[in-house]
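Novice:
Residue numbers (the UniProt record's numbering), protein chains in the order written: chain R, 1 to 147; chain S, 1 to 147.
(1) Which of the three DSSP states is assigned to residue 41 of chain R in this structure?
(2) Over the uninterrupted beta strand (DSSP E) stretch that includes residue 64 of chain S, give me the two end residues.
(3) When we look at the beta-carbon of residue 155 of chain S and count the other beta-carbons within 10 Å, is it buried (16 or more) or exposed?
(4) Can you check which of these residues, R:117, R:97, R:126 and R:83, is closest to residue 61 of chain S by C-alpha distance?
(5) Buried or exposed for residue 149 of chain R, please, with buried defined as at least 16 other CB atoms from any protein chain shown within 10 angstroms of its CB.
(6) By DSSP, does residue 130 of chain S sit in helix, in strand, or in coil?
(7) Pull up the distance between the alpha-carbon of residue 24 of chain S and that of residue 124 of chain S, whole angstroms please.
(8) Which chain R residues are close to residue 37 of chain S, counting only those with a beta carbon under 7 Å from its beta carbon?
(9) Starting from residue 106 of chain S, trace the beta strand (DSSP E) both ways and give me its first and last residue.
(10) Does the Cβ-Cβ distance between residue 34 of chain S and residue 122 of chain S come in under 7 Å?
(11) Note down, in chain order, every chain S residue with its Cβ under 8 Å from the Cβ of residue 21 of chain R.
(12) Quick one: grab the DSSP three-state call for residue 88 of chain R.
(13) If you follow the alpha helix (DSSP H) that residue 14 of chain R is part of, which residue opens it and which one closes it?
(14) Report yes if the CB atom of residue 52 of chain S is closer than 7 Å to the CB atom of residue 17 of chain R, and no otherwise.
(15) Is it buried or exposed, residue 129 of chain S, if we count other Cβ atoms within 10 angstroms and call 16 or more buried?
(16) Nearest chain R C-beta to residue 104 of chain S closer than 7 Å, yes or no?
(17) Got a sec, what are the start and stop residues for the alpha helix (DSSP H) residue 73 of chain R sits in?
(18) Between residue 101 of chain S and residue 103 of chain R, how many whole angstroms is the CB-CB distance? I'm expecting something under 8 Å.
(19) Alpha helix (DSSP H) containing residue 119 of chain S: first to last residue?
(20) Just reading off the alpha helix (DSSP H) that residue 26 of chain S is part of, what are its end residues?
(21) Would you kindly work out how many angstroms separate the C-alpha atoms of residue 49 of chain S and residue 28 of chain S, rounded to a whole number?
(22) Please list the partners that residue 58 of chain S has in chain R, where partner means a Cβ-to-Cβ separation under 9 Å.
(23) Alpha carbons only, please: which of R:77, R:32 and R:69 is nearest the one belonging to residue 118 of chain R?
(24) List, in order along the chain, the chain R residues whose C-beta lies closer than 7 Å to that of residue 48 of chain S?
(25) Between residue 120 of chain R and the rest of its own chain, which residues show a CB-CB distance below 6 Å, the 5 nearest in sequence each way excluded?
(26) Counting only Cβ pairs nearer than 8 Å, list the residues of chain R close to residue 94 of chain S.
(27) Apart from the five residues on each side of it in sequence, which residues of its chain come closer than 7 Å, Cβ to Cβ, to residue 99 of chain R?
(28) Hey, would you say the C-beta of residue 118 of chain S is under 6 Å away from at least one heavy atom of the ligand MG?
(29) Quick one: residues in its chain with C-beta nearer than 6 Å to the C-beta of residue 65 of chain R, no 5 flanking neighbours on either side, listed in chain order?
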């Protein structure tokens, strides 16, 4: 039980149907596959191939595409540094919800700063957050590994 | 294809695995059940009962609880009018994603203004958005039906 914001009346509501029941129903374990890389590095191609392959194996996945979310959930955000951080935070929170729901959530977005990705990773157990950083010319651009 | 914000480089990315494939995999149709009402009106109780009953029928649902989301996705929002509207907008966007993923998404939150709920409804086909307004003393408080 905890409180947030200016209110002392915001309580955590436990669901009677937990993650384990959903995983049993789906016969899979919820997790996040976080694909990061520059524009044009192949994030969407990898995300789509992975989703297709999982589907052929009867596994339920869902792609959270950074660009697509800028048409909806994140449409109020621009491209300033703090907006980019907020963009990634929200995608991380939603990816966490999808993993909790039992899905294999494939997040595909430019997320250059390790501290932002690590904040998303911290929402989940280590084994449930798989990061794939796509390289350009065989190495990371400096900013991809910066903190 | 469309562009958003300050960038002309944000394109919609189609997923190769669509809603229909996911619905076939799950053997159910994705939708949103939006439960609204005042604090103490029984929203969470109804959401939990519905989720439990769906699970016993082998159907995958997920509860988006307004209070719980204020600990995560919406933790930056307060209780001013514009923050409440933004709170509901984000829940609507996430509910839309869950329905698109094929789940029966049960959104349970105080959402008194019809215009806010209608904005969420507008994201989905009419038949995929089911609204349940919980009454107090047999009638809606005025503000629940206000626009």
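Every residue, glycine too, gets a C-beta built ideally from N, C-alpha and C.
Specialist: In brief:
(1) coil
(2) 61-65
(3) This structure leaves residue 155 of chain S out entirely; chain S is present only between 1 and 147.
(4) R:97
(5) Coverage of chain R is limited to positions 1 through 147, which leaves residue 149 of chain R absent and any answer about it impossible.
(6) strand
(7) 19 Å
(8) None at all; the shortest Cβ gap to chain R is about 14 Å.
(9) 104-108
(10) no
(11) Per Cβ cutoff of 8 Å: 55.
(12) helix
(13) Run containing residue 14 of chain R: none; DSSP gives neither H nor E here.
(14) Yes, the Cβ-Cβ distance between residue 52 of chain S and residue 17 of chain R is below 7 Å.
(15) Per the 10 Å Cβ criterion, buried.
(16) no
(17) For residue 73 of chain R, there is no enclosing alpha helix (DSSP H), as DSSP gives it neither H nor E.
(18) 6 Å
(19) 114-121
(20) 19-26
(21) 19 Å
(22) 25
(23) R:32
(24) 15 and 16
(25) 92
(26) 73, 94 and 97
(27) Sequence-distant Cβ neighbours of residue 99 of chain R in its own chain, meaning closer than 7 Å and more than five residues away, are 30, 31, 32, 105, 124 and 128.
(28) Looking for the ligand MG in the displayed structure turns up nothing, as the structure carries no ligands at all.
(29) 108
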